[in-house]
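All you need for my numbering is the position in the sequence shown, starting with 1, plus 3.
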Amino acid sequence: MAITTRGIEADAIRSAARARVGALARADGRWRARRRAGASRADGRLLLPGRGRAHVHRRADRGRLSATLRGGAVRQLVLARSTRLLELGLRRVAAGVRALARRLPRGAAFAAALVLAQVAPCSAEAELRVVATLPDLYVLTRAVAGTAATVGLVARFGQNPHDMEVRPSHMLLVRRADALVRNGLEEDSWIDVIVRGSNNPKAQRGSPNVIDASLGVEILKVPTGRVDRSLGDVHSTGNPHYTLDPGNLPTVTRNIAAGLARVAPEHTRAFEANREALLEKVAEADRRWRTLLAPFRGARIVSHHDSWPYMFRAFGFVEGGIIEDRPGIPPSPQHLAGLVRRMRDEKAKVILLENWYTPDAANLVARETGAKVLAVPQTPGAVKGTDDYVAHLDYILTAIADALR
Numbered sequence: 004m005a006i007t008t009r010g011i012e013a014d015a016i017r018s019a020a021r022a023r024v025g026a027l028a029r030a031d032g033r034w035r036a037r038r039r040a041g042a043s044r045a046d047g048r049l050l051l052p053g054r055g056r057a058h059v060h061r062r063a064d065r066g067r068l069s070a071t072l073r074g075g076a077v078r079q080l081v082l083a084r085s086t087r088l089l090e091l092g093l094r095r096v097a098a099g100v101r102a103l104a105r106r107l108p109r110g111a112a113f114a115a116a117l118v119l120a121q122v123a124p125c126s127a128e129a130e131l132r133v134v135a136t137l138p139d140l141y142v143l144t145r146a147v148a149g150t151a152a153t154v155g156l157v158a159r160f161g162q163n164p165h166d167m168e169v170r171p172s173h174m175l176l177v178r179r180a181d182a183l184v185r186n187g188l189e190e191d192s193w194i195d196v197i198v199r200g201s202n203n204p205k206a207q208r209g210s211p212n213v214i215d216a217s218l219g220v221e222i223l224k225v226p227t228g229r230v231d232r233s234l235g236d237v238h239s240t241g242n243p244h245y246t247l248d249p250g251n252l253p254t255v256t257r258n259i260a261a262g263l264a265r266v267a268p269e270h271t272r273a274f275e276a277n278r279e280a281l282l283e284k285v286a287e288a289d290r291r292w293r294t295l296l297a298p299f300r301g302a303r304i305v306s307h308h309d310s311w312p313y314m315f316r317a318f319g320f321v322e323g324g325i326i327e328d329r330p331g332i333p334p335s336p337q338h339l340a341g342l343v344r345r346m347r348d349e350k351a352k353v354i355l356l357e358n359w360y361t362p363d364a365a366n367l368v369a370r371e372t373g374a375k376v377l378a379v380p381q382t383p384g385a386v387k388g389t390d391d392y393v394a395h396l397d398y399i400l401t402a403i404a405d406a407l408r
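Here you go:
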């Protein structure tokens with residue numbers, strides 16, 4: 004009779020646990036639905052639509068988080084604590100099931116373990132959580148980390164990082180991170196807003212868990228003199244597209260591997276082995292790329308945005324001009340007229356257009372000069388089949404070779 008009673012108690016426990024998990028999930032679903040409908044108010048924190056600078060008030064410490072975001076209207080930016088409440092509820096349910104399992108007979112304890120597996124799915128994930136800000140850093144970090152870590156990405160594949168819109172999901176992603184890999188040259192300057200909103204000390208500047216992938220790289224086009232917003236999206240620390248030169252990968256991946264080893268020293272050998280395997284694969288591809296492009300050394304290529312100086316240097320191309328007079332600002336007619344004259348004089352026949360930009364200006368220049376407009380992804384993963392470093396450069400360099408033939 005005692006066994007039957009305990010069995011009934013176990014069934015009741017499982018039912019109560021499932022009911023509570025379901026209620027928490029439904030509450031979170033309702034919150035997400037309200038957020039999508041534009042009526043987001045989560046734990047007293049809401050960023051109303053507006054332009055320019057906006058303020059987020061945090062109830063916990065009455066502090067203020069200010070953020071300047073580009074691209075017109077600032078959309079709703081809510082610190083995602085509703086999800087935090089859901090996680091807290093799941094953890095409390097899991098703790099209760101564990102305590103009850105210790106008091107139940109073996110069969111009922113096994114059933115309780117099944118319930119625990121449903122309410123605590125995160126326990127099966129890799130111990131080390133790493134977040135990369137940009138797709139190029141993501142594919143390199145994923146290759147170095149291997150199976151020792153899960154790697155998340157902030158900016159979407161194919162997204163222009165200059166048009167980044169900060170979302171609550173970004174803050175939640177970074178809040179859970181054990182390490183953060185960042186560009187270091189302002190291409191991902193929005194990550195500072197996300198980090199402050201995440202309230203994760205591991206991701207703050209100066210933390211040993213923050214990995215600056217640019218350290219030790221020879222930086223091109225560092226501006227001299229005064230830099231302000233009137234000059235457009237000028238990076239005061241230099242051109243940030245250093246991963247487009249395969250010759251920079253030993254330094255970049257060394258930074259990543261060393262940073263991951265600081266956070267998880269028990270995996271140091273695995274990180275280094277993964278790094279060496281990646282570099283060997285890239286070196287083999289680099290020999291193939293140089294053979295492919297050897298007939299075109301010295302060819303002049305025009306850029307839409309100043310994304311390619313590292314790649315031009317690596318493969319012997321010459322920059323034949325840039326369509327944008329000032330980065331991120333539409334070119335003036337006078338600038339385009341001067342560029343057309345220069346292209347005619349220097350016989351530049353290819354315009355390299357990052358495929359997240361509209362082709363209007365590039366097409367206009369192409370009509371006047373007879374050049375080909377080549378729309379390519381500047382970062383990995385934007386085109387199917389380009390979700391690793393070698394595949395991405397394969398796509399770009401093969402397209403350039405075909406256009407120059």
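Beta carbons are placed, not taken as given, at the ideal position from N, Cα and C, and that holds for glycine.
According to the DSSP secondary-structure assignment, Ser306 is paired through a beta bridge with Ile325 and Leu355.
If you draw a 10 Å sphere on the C-beta of Thr382, you find 16 or more other C-beta atoms in it, and that means buried. For Lys387, no alpha helix (DSSP H) run applies, since DSSP gives it neither H nor E. Boundaries for Lys350: no alpha helix (DSSP H) harbours it, and the DSSP string shows neither H nor E there.
Of the residues assessed, Leu218 falls on the exposed side of the cut-off, its CB having fewer than 16 other CB atoms within 10 angstroms. Each of Val379, Pro380 and Leu356 was checked against the Cα of Ala369, and the nearest Cα belongs to Leu356. With three or more CB-CB distances shorter than 8 Å, the stretch 203 to 215 counts as touching the stretch 178 to 185. Closest in C-alpha terms to Lys375, from the list Gly384, Lys352, Ala404 and His244, comes Lys352. The stretch 256 to 269 makes contact with the stretch 147 to 155, as at least three CB pairs between them are under 8 Å. Taking one beta carbon from each stretch, the stretch 312 to 331 and the stretch 240 to 250 have 3 or more pairs nearer than 8 Å; the two touch. Looking at the backbone, the Cα of Ala276 and that of Val198 are separated by about 30 Å. DSSP lists Leu131 as the bridge partner or partners of Ala152. With fewer than 16 other Cβ atoms from the protein chains shown falling within 10 Å of its own Cβ, Thr294 counts as exposed. At the C-beta level, Leu131 and Ala151 come within 8 Å of one another. The closest CA to that of Leu188, considering only Leu223, Asp397 and Tyr141, is found on Leu223.
For Asp215, DSSP records a beta bridge to Arg185.
In its chain, beyond the 5 residues on either side, Pro164 and Pro243 have a beta carbon closer than 6 Å to the beta carbon of Glu190.
Counting along the chain, the unbroken alpha helix (DSSP H) around Leu252 starts and ends at Leu252 to Val266. Counting only residues of its own chain and dropping the five nearest sequence neighbours on each side, Pro138 has a CB closer than 6 Å to the CB of Phe160, Thr382, Pro383 and Gly384. Between the beta-carbon of Gly323 and that of Arg303 there is about 3 Å, and that keeps the pair under the 8 Å contact cut. Residue nearest to Leu282 within the set Ala267, Leu140, Thr256 and Arg291 is Thr256 (criterion: CA-CA distance). Take the alpha-carbon of Ser192 and the one of Val213: they are about 14 Å apart. Taken atom to atom, the span from the alpha-carbon of Val220 to that of Gly241 is near 11 Å. Ala378 sits in a strand when the DSSP states are folded into three classes. Collapsing the DSSP output to three states places Ile194 in a helix. No residue range can be given for His270, since it is assigned to no alpha helix (DSSP H) and is classified by DSSP as neither H nor E.
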